[in-house]
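J.: In our numbering, the protein residues as written are 1 to 178.
Sharing a structure here in C-alpha cells format.
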C-alpha cells in the first residue's frame, strides 16, 4: 500500500486488480457491500468524481496557551489541507471543523494544552481476520487497539482420516525444514 493514510487504517493491502481505496467501503456504518460494489464505489468516488485521499502520514500538532496569550483563536491547523483534523479533547470554548481544519473560539482564562490530530479518525479492525469483505470486521477509533490475530483452534478428533493424514504430512515437512 503506498498511501500512508490507508496503511494506518488497514493492516492488509487490497488484492491485485482491486481499486486501492476500495477497502474504505468495508462495512461502513454496518453495511455490507460485495467486493464488486466496493471496487465500483471507489472508482466512482475517487476516479470519476475526483475525491482524493492524500498520501500523508497521520501526525499531530500540539497547542499551548498561557495566561498571557490571546484568548481568541481563529486559525487553520497546519497540514489540515490534506487530511482531517480532529481532537479527542479540545479546551472549553474551542471548536474544530474536521473538513477544513479551522479552529475557532474564545478560551476562558487559564492555561491550556491540547493536541490536534491530522489523519483518519477511524481505522479498520479485521477482528483477527484477513480483512476480506466476506469476513466480519468493524471500524474503531484511531487511538484504539485492534484485536490480535487469533490462530484458529483445530479439533483433531473431528478431522476425517484424510484431513489427519494431511495434517501429519504438513507437520512432518515442517520437522524436515528445521
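Even glycine gets a Cβ: it sits at the ideal position worked out from N, Cα and C.
Return helix, strand or coil for residue 103, following the three-state DSSP convention.
T.: If DSSP states are grouped into helix, strand and coil, residue 103 belongs with the strands.
J.: For residue 187, which of 139, 116, 131 and 135 has the nearest alpha-carbon?
T.: Because the chain here runs from 1 to 178, residue 187 falls outside it and cannot be looked at.
J.: Per DSSP, which residues does residue 168 bridge with? Please list them.
T.: According to DSSP, which records beta bridges pairwise, residue 168 is partnered with nothing at all.
J.: What residue range does the beta strand (DSSP E) around residue 81 cover?
T.: Counting along the chain, residue 81 falls outside any beta strand (DSSP E), and DSSP gives it neither H nor E.
J.: In whole angstroms, what separates the C-alpha of residue 45 from that of residue 51?
T.: Cα-Cα distance, rounded: 6 Å.
J.: Is the segment 78-88 in contact with the segment 106-120, if contact means three or more CB pairs nearer than 8 Å?
T.: Yes, since at least three Cβ pairs between the segment 78-88 and the segment 106-120 fall closer than 8 Å, the two stretches touch.
J.: Assign residue 171 to one of two classes, buried (16 or more other C-beta atoms within 10 Å of its C-beta) or exposed (fewer than that).
T.: Burial call: exposed.
J.: Would you mind working out which of 28, 95, 57 and 100 sits nearest residue 136, comparing C-alpha positions?
T.: Looking at the Cα atoms, 28 is the closest of the given residues.
J.: Measuring straight from C-alpha to C-alpha, what distance separates residue 15 and residue 30?
T.: In a straight line, the C-alpha of residue 15 is about 22 Å away from that of residue 30.
J.: Quick one: any contact between the segment 143-156 and the segment 89-106, if contact means 3 or more CB pairs under 8 Å?
T.: No: the two stretches stay apart, fewer than three of their Cβ pairs being nearer than 8 Å.
J.: In whole angstroms, give me the CA-to-CA distance for residue 23 and residue 134.
T.: Cα to Cα, residue 23 sits roughly 12 Å from residue 134.
J.: Where do the ends of the beta strand (DSSP E) carrying residue 64 lie?
T.: Where residue 64 is concerned, the enclosing beta strand (DSSP E) stretches over 59-65.
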